[in-house]
Amino acid sequence: MPPPAFYPVLAALVGLVVGSFLNVVIWRLPRGESLSHPPSRCPGCGKSIRWFQNVPVLSWLLLRGRCAGCGIRIPFRYPFVELLTGALFLAAWLAWQDHPVTALLVAIHLAALVAVTFIDADHKIIPDKISKPGLVAALAAAPWMALPDRPKPMLAGVSPALDAWLVALAGAAVGAGVLLAIRWIASALKKREAMGLGDVKLLAWIGALVGPVYVLVALVVGCVVGSVIGLFIVVLAKLRALPARVRVEAGDVVHEVSSVRVKDGLLVLDGGPALPQETPVRVHLVLDAMRVLEDDDVTIDRPGVVVASEPHGGASRWRLRLEQLTEAEDEHLWLFRNSSRYVPFGPFLALGGAACLLAPAWIWWLIVEAYPSFVRRGG
Numbered sequence: 004m005p006p007p008a009f010y011p012v013l014a015a016l017v018g019l020v021v022g023s024f025l026n027v028v029i030w031r032l033p034r035g036e037s038l039s040h041p042p043s044r045c046p047g048c049g050k051s052i053r054w055f056q057n058v059p060v061l062s063w064l065l066l067r068g069r070c071a072g073c074g075i076r077i078p079f080r081y082p083f084v085e086l087l088t089g090a091l092f093l094a095a096w097l098a099w100q101d102h103p104v105t106a107l108l109v110a111i112h113l114a115a116l117v118a119v120t121f122i123d124a125d126h127k128i129i130p131d132k133i134s135k136p137g138l139v140a141a142l143a144a145a146p147w148m149a150l151p152d153r154p155k156p157m158l159a160g161v162s163p164a165l166d167a168w169l170v171a172l173a174g175a176a177v178g179a180g181v182l183l184a185i186r187w188i189a190s191a192l193k194k195r196e197a198m199g200l201g202d203v204k205l206l207a208w209i210g211a212l213v214g215p216v217y218v219l220v221a222l223v224v225g226c227v228v229g230s231v232i233g234l235f236i237v238v239l240a241k242l243r244a245l246p247a248r249v250r251v252e253a254g255d256v257v258h259e260v261s262s263v264r265v266k267d268g269l270l271v272l273d274g275g276p277a278l279p280q281e282t283p284v285r286v287h288l289v290l291d292a293m294r295v296l297e298d299d300d301v302t303i304d305r306p307g308v309v310v311a312s313e314p315h316g317g318a319s320r321w322r323l324r325l326e327q328l329t330e331a332e333d334e335h336l337w338l339f340r341n342s343s344r345y346v347p348f349g350p351f352l353a354l355g356g357a358a359c360l361l362a363p364a365w366i367w368w369l370i371v372e373a374y375p376s377f378v379r380r381g382g
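Just add 3 to wherever you are in the sequence shown, counting from 1, and you've got our numbering.
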């Protein structure tokens with residue numbers, strides 16, 4: 004018999020390795036790149052990263068967060084994703100060690116939710132290549148998802164397997180249905196699309212994992228945490244806001260620009276973590292919609308606005324310089340503060356789903372017993 008600490012340590016180590024792979028998924032999948040080819044390379048010098056330079060967390064520490072070849076800074080995002088995934092795998096084992104198959108399935112889905120979280124945070128999208136297979140896998144694995152603390156459905160269980168599939172289907176239907184209703188109401192009030200279908204598919208996936216009751220808990224957790232963090236981001240953005248707009252003449256350099264509105268022309272990004280100096284970005288105005296031809300690190304924010312963002316997320320730290328401009332009034336452009344305060348909802352839904360997967364009994368006690376008791380005592 005292995006010592007008691009063997010399986011928890013193994014789970015954490017496997018999670019670290021999976022987290023290293025998730026960094027590849029997070030970077031390449033939204034860009035349509037292969038996950039297996041070419042091998043990992045430094046985004047600065049393009050040099051292949053050797054296996055001993057790619058040991059999760061340890062290599063980043065030994066290299067002091069820099070590439071061994073060119074010395075470019077390697078963002079803390081990489082070891083953070085590895086540590087987070089390792090911690091989640093450990094938590095999955097500790098929560099479900101009496102049901103090893105359930106622990107494995109929970110860990111796999113948590114890893115997929117980590118990828119969704121960071122991709123949505125970076126690109127404001129939830130890839131169908133993750134959410135759709137996740138939903139199918141959750142439905143297929145329902146009989147082996149031994150979540151004993153979730154409420155049983157009112158449907159009579161003809162067999163344990165059929166009962167589990169009915170729970171998963173009901174959870175997916177409730178998750179998708181509730182979010183579709185919210186999306187329809189919000190879109191009608193705002194007179195524009197208020198939420199993407201990616202969030203709907205994500206909550207359907209979570210519902211298939213946790214059932215029709217806990218999926219509502221996941222939604223509530225996502226709404227509460229998302230509201231708090233969203234408010235903080237809005238306040239912070241206002242405190243750090245750039246002037247409303249700045250006129251830029253040809254050749255001028257502007258630091259920390261959030262967004263740019265421009266006629267046909269050529270912009271130049273002056274450096275950045277993953278681009279060499281003087282990297283051109285061609286921008287064409289077509290029917291009021293910006294199309295960026297050549298560079299993935301400049302993305303569409305909304306029609307007419309191009310946002311330069313760092314690889315790996317975060318506020319923009321690029322310097323934009325107008326290199327040449329054609330067909331623009333007065334041969335200048337206007338740089339605008341990014342007025343969008345959009346905070347993606349996917350990461351918070353994933354957080355709610357993870358909480359329900361790892362601690363369903365505790366959450367159920369909190370909702371059914373602790374909170375009502377607190378209310379009855381008058382707070």
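Every residue, glycine too, gets a C-beta built ideally from N, C-alpha and C.
Alpha helix (DSSP H) segment containing residue i, residue limits
| i | result |
| --- | --- |
| L25 | F9 to R31 |
| L352 | G349 to L361 |
DSSP state of residue i mapped onto helix, strand, coil
| i | result |
| --- | --- |
| R195 | coil |
| V371 | helix |
| R380 | coil |
| R69 | strand |
| S51 | strand |
| A318 | Only weak support exists for where A318 lies, its pLDDT of 32 falling under 50; the value from the coordinates is given anyway. Note: A318 maps to coil in three-state DSSP. |
| A364 | helix |
Whole-angstrom C-beta distance between residue j and residue i, which should lie under 8 Å
| i | j | result |
| --- | --- | --- |
| R186 | A197 | 6 Å |
| S134 | K204 | 4 Å |
| V177 | G137 | With 8 Å as the limit, V177 and G137 do not qualify as a contact, their Cβ atoms being about 17 Å apart. |
| E85 | L19 | 5 Å |
| L212 | A141 | 5 Å |
| V28 | A118 | 5 Å |
| Q100 | A94 | With a Cβ gap of about 11 Å, Q100 and A94 do not count as contacting. |
| W147 | V216 | With a Cβ gap of about 20 Å, W147 and V216 do not count as contacting. |
is_contact[residue i, chain B] using C-beta, thresh 8 Å
| i | result |
| --- | --- |
| A164 | Structure shown: chain B not included; a single protein chain is present. |
**OP:** Taking 8 Å as the threshold, find out whether the region 217-226 comes into contact with the region 353-372 through three or more Cβ pairs.
**Re:** yes
Original post:
Do the region 108-115 and the region 29-49 meet, that is, are 3 or more Cβ pairs less than 8 Å apart?
Top reply: no
**OP:** Within the region 100-167, note down every full alpha helix (DSSP H) run reaching 4 residues or more, in order along the chain.
**Re:** 103-126 and 131-143
Original post:
Would you call the region 4-11 and the region 73-80 touching, i.e. three or more CB-CB distances under 8 Å?
Top reply: no
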